[in-house]
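K.L.:
Protein chains: 2
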Amino acid sequence: MRDEYQVQLALVGELLSAMAEDVGTAMRHATAGLLGADRAAAESVLADHPTLIARRDQVEARTYELVALQAPVAADLRTLLTAPRVGADLERMGNLARHVARAALRRYPERAVVDQLAGVFASMADTAVRMAGKMRAVVADHDAELAAQLDRDDDELDELHRRMFGIMFAAGWSHGAAAAVDAALLGRYYERYADHAVNAATQVIYLVTGEHAG
Amino acid sequence: MRDEYQVQLALVGELLSAMAEDVGTAMRHATAGLLGADRAAAESVLADHPTLIARRDQVEARTYELVALQAPVAADLRTLLTAPRVGADLERMGNLARHVARAALRRYPERAVVDQLAGVFASMADTAVRMAGKMRAVVADHDAELAAQLDRDDDELDELHRRMFGIMFAAGWSHGAAAAVDAALLGRYYERYADHAVNAATQVIYLVTGEHAG
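Chains as they are written, first to last, in the working numbering: chain A, 1 to 214; chain B, 215 to 428.
(1) For Glu4 of chain A, does the count of other Cβ atoms within 10 angstroms reach 16, so buried, or fall short, so exposed?
(2) Along chain A, in chain order, which residues have C-beta atoms closer than 7 Å to that of Ala398 of chain B?
(3) Determine which residues of the segment 102-129 of chain A have a Cβ less than 8 Å from any Cβ of chain B, and write them out in chain order.
(4) For the segment 80-97 of chain A, which residues have a CB atom closer than 9 Å to at least one CB atom of chain B, in sequence order?
(5) Name the chain B residues whose beta carbon is nearer than 9 Å to that of Met168 of chain A?
(6) I'd like to know if the segment 166-179 of chain A and the segment 114-134 of chain A are in contact, where contact means that at least 3 CB-CB pairs between them fall below 8 Å.
(7) Using the Cα positions of Ala112 of chain A and Ser388 of chain B, report the straight-line distance between them to the nearest angstrom.
(8) Which term fits Arg312 of chain B, buried or exposed, when burial requires 16 or more other beta carbons within 10 angstroms of its beta carbon?
(9) Could you check what DSSP says for Asp252 of chain B in three-state terms: helix, strand or coil?
(10) Just to confirm my understanding: we take Glu373 of chain B, look at its own chain, exclude 5 residues before and 5 after, and list those with CB closer than 7 Å. What are they?
(11) In whole angstroms, give me the CA-to-CA distance for Arg397 of chain B and Asp38 of chain A.
(12) List the residues of chain B that Arg188 of chain A touches, going by C-beta distances under 8 Å, in chain order.
(13) What residues in the segment 4-19 of chain A bring their beta carbon closer than 8 Å to a beta carbon of chain B?
(14) Can you check which of these residues, A:Ala10, A:Gly87, A:Leu15, A:Arg188, is closest to Leu100 of chain A by C-alpha distance?
(15) Which whole-angstrom value is the C-beta distance of Ala339 of chain B and Tyr404 of chain B, which I expect to be below 8 Å?
(16) Does DSSP put Ser174 of chain A in a helix, in a strand, or in coil?
(17) How close, in whole Å, do the beta carbons of Asp48 of chain A and Ala20 of chain A come, if the pair is a contact with beta carbons under 8 Å?
(18) Name the residue from B:Leu360, B:Gly386, B:Leu399 whose alpha carbon lies nearest to the alpha carbon of Ala411 of chain B.
(19) Are Leu150 of chain A and Val139 of chain A touching if we call contact CB-CB under 9 Å?
(20) Out of B:Ala318, B:Pro298, B:Gln220, which one is the CA nearest neighbour of Ala246 of chain B?
(21) Taking the C-alpha atoms as reference points, what is the distance between Met429 of chain B and Ala408 of chain B?
(22) When you compare the CB of Arg219 of chain A with every CB in chain B, is at least one pair closer than 9 Å?
(23) To the nearest whole angstrom, what separates the beta carbons of Val273 of chain B and Gly301 of chain B, a pair I think is in contact under 8 Å?
(24) Ordered along the chain, which non-local residues of its own chain (more than five positions away) have a Cβ less than 6 Å from that of Asp154 of chain A?
(25) Check the Cβ-Cβ distances between Arg292 of chain B and every residue of chain A, and say whether any is below 9 Å.
(26) What does the Cβ neighbour count give for Gln6 of chain A, buried or exposed, with the cut at 16 atoms within 10 Å?
(27) I need the DSSP call for Ala112 of chain A, collapsed to helix, strand or coil.
(28) For the alpha helix (DSSP H) that contains His375 of chain B, what are its first and last residues?
Below, the structure written as structure tokens:
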């Protein structure tokens, strides 16, 4: 019985790890859709989303069962109370990637980001996708060093986000209100995606150490 | 021991209820700050925020203790696994009210919303604040009828949000990119606030009935 319990507990971890990989892939494809006007890539984000949701449902159901049936203690209990919350962050990251993909499809075959902002968006997207990769490693391997890097990456993304507003609000902006609004919302999707990556990683590290960071 | 347990369980409910009231007040004050250029109201949102965070911390700490020490079953266990997630939604609502308050303060003594959008923003804010009141009643009294109304209110807010974009993207928009971006982000804060109200209410009803809605 106890062995079966350990197997089930490991499975919750594997599900979270798979979700982390899913949302990294989703944002990579959504960005290809956005900056390369790659329709197939954007559509794959929408097609893959149900898999993410199914995994989140599994995380929740298995967590509940394990707590209900096994009355776990200490470290295991912490894992089980934290797992659905990490799952919720990952789900939200998937939703944000979907927002980016939908914005790309809405403007297709045109590109949803004006040329003047393409560079800063490519940098924001690079940072976000790199963060997703690190977050995946934190979820899979509980790597505290990578978790600490995520805070610095997040600062970098916030700085890029400010630079984006600087470009839009400078005197030379000639693309009108609609393009500015698209950019503001898209910028926010990347920024929130990064916030949730930091949050998921922070919770995983709390799991491992029992200590809340800062 | 068991009586003490019931007292503690009730306390978690009271904390969530207080948080629900906090975030309703926060969005009411933030909106007064935004639409009435009321600086004191906007500042009160920032001043009150630490109370919300302290309550969320209490919800988490007490939930963990109760599960760890009491090995609760069935309905109680469901309450305890759901409570921190409702707390997370409420915290997020408080953060969104804070975003609105900060936007109001950034433009003070001017109003952050242009006249042309004041009407649709007043309607969005009314809907959001009304939803917060219903959500509070759902959290406090588990009123399933009010929870169902929240879905319709949310549709109403989404419709207002679309109307806002319609005004901004119409030919007569003369306020420039910065005002459009402010409005787009503010609109999103109200929309997300409403989404979290629906989500918190849905989880509370799940708590009570054990059934996920649609």
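Every residue, glycine too, gets a C-beta built ideally from N, C-alpha and C.
P.N.:
To lay it out plainly:
(1) Locating residue 4 of chain A in the first sequence gives position 4, where the first residue counts as 1. The residue in question, Glu4 of chain A, is exposed, as its Cβ has fewer than 16 Cβ neighbours within 10 Å.
(2) The residue you call residue 398 of chain B lines up with position 184 of the second sequence. Those within 7 Å of Ala398 of chain B in chain A are Val181, Ala184, Leu185.
(3) none
(4) Leu80, Leu81, Pro84, Arg85, Ala88
(5) Within the first sequence, residue 168 of chain A is the residue found at index 168, counting from 1. Chain B residues near Met168 of chain A: Ala391, Ala392, Val395.
(6) yes
(7) By one-based count along the first sequence, residue 112 of chain A stands at place 112. By one-based count along the second sequence, residue 388 of chain B stands at place 174. Ala112 of chain A and Ser388 of chain B: Cα-Cα distance of roughly 22 Å.
(8) Numbered from 1 along the second sequence, position 98 holds the residue referred to as residue 312 of chain B. Answer is buried; the Cβ neighbour count reaches 16.
(9) Locating residue 252 of chain B in the second sequence gives position 38, where the first residue counts as 1. The answer is coil: DSSP assigns Asp252 of chain B none of H, G, I, E or B.
(10) By 1-based counting over the second sequence, the position of residue 373 of chain B is 159. Hits under 7 Å: none found.
(11) Position 183 of the second sequence, counting from 1, holds the residue named residue 397 of chain B. Position 38 of the first sequence, counting from 1, holds the residue named residue 38 of chain A. The question names Arg, but residue 397 of chain B is Ala in the sequence shown. The alpha-carbon atoms of Ala397 of chain B and Asp38 of chain A are separated by roughly 29 Å.
(12) The residue you call residue 188 of chain A lines up with position 188 of the first sequence. By Cβ distance, chain B contributes Leu399, Arg402.
(13) none
(14) As a working note, residue 100 of chain A is residue 100 in the first sequence. Correcting the residue type first, residue 100 of chain A is Val in the shown sequence and not Leu. Checking every option, the nearest Cα to that of Val100 of chain A belongs to A:Arg188.
(15) As a working note, residue 339 of chain B is residue 125 in the second sequence. As a working note, residue 404 of chain B is residue 190 in the second sequence. That belief holds up - the Cβ atoms of Ala339 of chain B and Tyr404 of chain B are roughly 6 Å apart, short of 8 Å.
(16) Within the first sequence, residue 174 of chain A is the residue found at index 174, counting from 1. In the structure shown, Ser174 of chain A sits in coil (DSSP, three-state: anything other than H, G, I, E or B).
(17) By 1-based counting over the first sequence, the position of residue 48 of chain A is 48. By 1-based counting over the first sequence, the position of residue 20 of chain A is 20. Rounded, the Cβ-Cβ distance is 14 Å, inconsistent with contact.
(18) As a first step, residue 411 of chain B must be located in the second sequence, where it is residue number 197. Residue B:Leu360 is the option with its Cα nearest to Ala411 of chain B.
(19) To locate residue 150 of chain A, count along the first sequence from 1; it is residue 150. To locate residue 139 of chain A, count along the first sequence from 1; it is residue 139. Result no, Cβ atoms of Leu150 of chain A and Val139 of chain A do not sit closer than 9 Å.
(20) If you number the second sequence from 1, residue 246 of chain B lands on position 32. Cα-wise, what sits closest to Ala246 of chain B is B:Ala318.
(21) For chain B, the structure presents residues 215 to 428; residue 429 of chain B sits outside this window and is missing.
(22) In the structure as shown, chain A starts at 1 and stops at 214, and residue 219 of chain A therefore has no counterpart that could be examined.
(23) Locating residue 273 of chain B in the second sequence gives position 59, counting from the first residue. Locating residue 301 of chain B in the second sequence gives position 87, counting from the first residue. That pair is a contact at about 4 Å.
(24) Locating residue 154 of chain A in the first sequence gives position 154, where the first residue counts as 1. The answer, listed in chain order, is Ala194, Val198.
(25) Counting from 1 along the second sequence, the entry for residue 292 of chain B is found at position 78. Chain A contact via Cβ: present.
(26) The count along the first sequence starts at 1 and reaches residue 6 of chain A at position 6. Its Cβ having fewer than 16 others within 10 Å, Gln6 of chain A is exposed.
(27) Within the first sequence, numbered from 1, the residue matching residue 112 of chain A stands at position 112. Reduced to three states, the DSSP call for Ala112 of chain A is coil.
(28) Position 161 of the second sequence, counted from the first residue, corresponds to residue 375 of chain B. Note, His375 of chain B: alpha helix (DSSP H), 358-383.
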